[in-house]
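Numbering (this note's numbering), first residue to last: 3 to 401.
In structure tokens:
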């Protein structure tokens with residue numbers, strides 16, 4: 003977004019344009035653009051209609067705060083989900099943090115959650131247009147336009163244990179998303195310096211769920227944060243605000259929709275052994291897999307894997323847990339397309355779910371080739387086993 007357009011959008015003129023855009027039944031329609039352009043500058047009309055188009059997604063992702071906030075499409079896509087932002091802000095407040103310095107706030111979703119809990123917020127954003135939107139989105143916060151690396155020393159002068167640093171390093175390049183350390187901004191060395199042990203302040207670094215484990219420092223706590231059935235981020239915590247941890251390590255966190263405390267599982271386990279397919283199979287939440295907390299997720303029940311590195315839990319008894327989606331294994335078939343097509347036809351399966359791990363199969367393409375038709379429903383779980391690749395016919399029990 004052009005900074006000049008952003009400034010117009012947050013002005014009184016912009017408020018009028020936004021109200022008109024919201025009144026349009028379909029803000030993406032050409033007729034809506036023509037109506038608004040008939041009495042306002044075209045660039046303002048386009049920006050206002052874009053905000054109206056983004057509003058439903060923002061409300062669903064962020065919550066009611068989003069109704070008064072302004073976004074760019076990239077900013078909204080990268081913004082933290084509302085329940086996760088609120089959980090993180092609550093962790094900081096409960097740890098005695100009273101002042102938050104957000105070094106790269108973008109549109110301000112995380113900083114807004116901190117403001118809502120009464121924390122003092124100073125936010126820094128290098129992009130001029132995003133800084134304009136952040137000032138609008140963060141009423142009562144101090145928002146600075148500039149380079150986080152250049153401003154950090156002055157902002158942290160005299161900071162103590164009641165201060166926390168928030169960092170959300172950008173991972174986009176001209177090639178798309180990247181986990182090359184040299185592509186991360188602010189620079190990865192700067193991010194690591196902010197997590198230095200002994201600094202006295204708390205540091206929270208939000209990273210994407212696909213971050214390679216090998217680049218994560220050993221001296222910090224890492225939370226693999228899940229929301230609903232998704233792994234949404236990896237978070238590094240250093241300093242006194244690390245949630246429930248007094249030492250470095252990996253933890254799986256499951257955040258709910260309400261202010262109730264999140265569920266935590268300690269991770270860092272060694273890999274499970276392998277064994278035969280049993281009567282029950284469980285699919286762990288991705289946060290459990292990344293935290294290496296599969297034994298903990300099973301609650302101490304005997305479980306094993308179908309093959310090394312394949313994250314399905316096999317057991318002789320069901321393992322109910324908020325971390326697991328459980329299935330009863332009804333039948334075991336060879337992973338051969340002709341055999342599967344015959345089975346689908348004989349059982350008149352029209353609604354076919356295909357899940358897979360550890361096998362080179364495109365589930366959507368395979369489903370088309372199996373030509374499901376009929377009133378029946380089934381789930382096929384494709385996995386390697388000690389006896390070769392198998393398709394397990396399964397009945398969902400939980401999740």
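Positions of the beta carbon are idealized from the N, C-alpha and C atoms, including for glycine.
Asked	Found
Would you report the Cα separation of residue 384 and residue 24, rounded to the nearest angstrom?	47 Å
At which residue ranges does the region 177 to 214 contain complete beta strand (DSSP E) runs of 3 or more residues, listed in the order of the chain?	204 to 209
Considering only residues of the same chain and omitting the five flanking positions on each side of residue 290, which have a CB-CB separation below 7 Å?	254, 267, 296, 299, 325
I'd like to check one pair, residue 150 with residue 106: are the Cβ atoms closer than 7 Å?	yes
By Cβ distance below 8 Å, which residues in the same chain neighbour residue 310 in space, the five residues on each side in sequence not counted?	273, 276
Could you name the residues of the same chain whose beta carbon sits closer than 6 Å to that of residue 13, not counting the 5 residues immediately before and after it, in chain order?	none
Between which two residues does the beta strand (DSSP E) containing residue 171 stretch?	No beta strand (DSSP E) holds residue 171; DSSP gives it neither H nor E.
In this structure, what does DSSP give as the bridge partners for residue 390?	387
Would you kindly work out how many angstroms separate the C-alpha atoms of residue 153 and residue 111, rounded to a whole number?	21 Å
Rounded to a whole number of angstroms, what is the C-alpha to C-alpha distance between residue 284 and residue 75?	37 Å
Have a look at 67, 282, 113 and flag the residue whose alpha-carbon is nearest the alpha-carbon of residue 169.	113
Work out the CA separation of residue 60 and residue 312 for me, nearest whole Å.	36 Å
Please state whether the Cβ-Cβ distance between residue 331 and residue 382 is less than 7 Å.	no
Are the CB atoms of residue 224 and residue 238 within a distance shorter than 7 Å?	yes
Checking 7 Å against the spacing of the C-beta atoms, do residue 50 and residue 19 come in under that value?	yes
Please classify residue 260: is it buried, with 16 or more other beta-carbons within 10 angstroms of its beta-carbon, or exposed?	exposed
Are the beta-carbon atoms of residue 222 and residue 250 separated by less than 7 Å?	yes
With three or more C-beta pairs closer than 8 Å as the rule, is the region 337 to 351 touching the region 361 to 381?	yes
With burial defined as no fewer than 16 other Cβ atoms inside 10 Å of the residue's Cβ, what is the status of residue 248: buried or exposed?	Confidence at residue 248 is low in this model, with a pLDDT of 47, below 50, so the placement of that residue is unreliable and no value is reported for it.
In or out: residue 53 buried (at least 16 other Cβ within 10 Å) or exposed?	buried
At the level of alpha carbons, what is the spacing between residue 29 and residue 22?	10 Å
Output the boundary residues of the alpha helix (DSSP H) element that contains residue 230.	Looking at the DSSP string, residue 230 is not in any alpha helix (DSSP H), and its letter there is neither H nor E.
What are the complete alpha helix (DSSP H) segments, minimum 4 residues, inside the region 11 to 80?	14 to 24, 32 to 39, 44 to 64, 75 to 80
Using a threshold of 7 Å, state whether the C-beta atoms of residue 379 and residue 398 are closer than that.	no
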